[in-house]
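Okay, so here's the structure we're looking at.
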Amino acid sequence: MGNQNIGIKFNEDFKKMVVDLYGTGRKVKDLSSEYGVSEVTIYKWIKRYPPVKLEDGTPVAADDITKLQKQIRRLQEENEILKKAMAIFARK
Numbered sequence: 001m002g003n004q005n006i007g008i009k010f011n012e013d014f015k016k017m018v019v020d021l022y023g024t025g026r027k028v029k030d031l032s033s034e035y036g037v038s039e040v041t042i043y044k045w046i047k048r049y050p051p052v053k054l055e056d057g058t059p060v061a062a063d064d065i066t067k068l069q070k071q072i073r074r075l076q077e078e079n080e081i082l083k084k085a086m087a088i089f090a091r092k
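Numbered by UniProt numbering, the letters in the sequence shown go through residues 1 to 92 in order.
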């Protein structure tokens, strides 16, 4: 409990790496002592980045799902614009 890393910011890749290591069976206590991050913080990361597995077993983080949903919405909007443009050109 003697971690003195109060106020240190960890980047998203580091957080995901620690969560991935947890997903491989490593103990939170071991990860905490190895990387100098409190156990409470690691548990927060695990909650934030729960490993979701696809049909083929590939893990996907919640942030990745959010990014994919945004991309799908953008592509749907582009598709609608193209459909309207085709309708305009088909009339000519």
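Glycine included, every Cβ here is placed at the ideal spot set by N, Cα and C. Predicted model only: the values in this text are computed from it and were never measured.
Secondary structure of residue i, DSSP reduced to three states
i, result
"V37", "coil"
"R26", "coil"
"I81", "helix"
"K92", "coil"
"K44", "helix"
"K67", "helix"
With 16 other Cβ atoms within 10 Å as the buried cut-off, status of residue i
i, result
"D63", "exposed"
"V18", "buried"
"Y43", "exposed"
"V52", "exposed"
"K15", "buried"
"V60", "exposed"
"V40", "exposed"
"S33", "exposed"
"F75", "At residue 75 the sequence reads Leu, which differs from the Phe that was named. So L75 counts as exposed."
Residue interval of the alpha helix (DSSP H) (run including residue i)
i, result
"K16", "12–23"
Residue i - partner residues in DSSP beta bridges
i, result
"P59", "K53"
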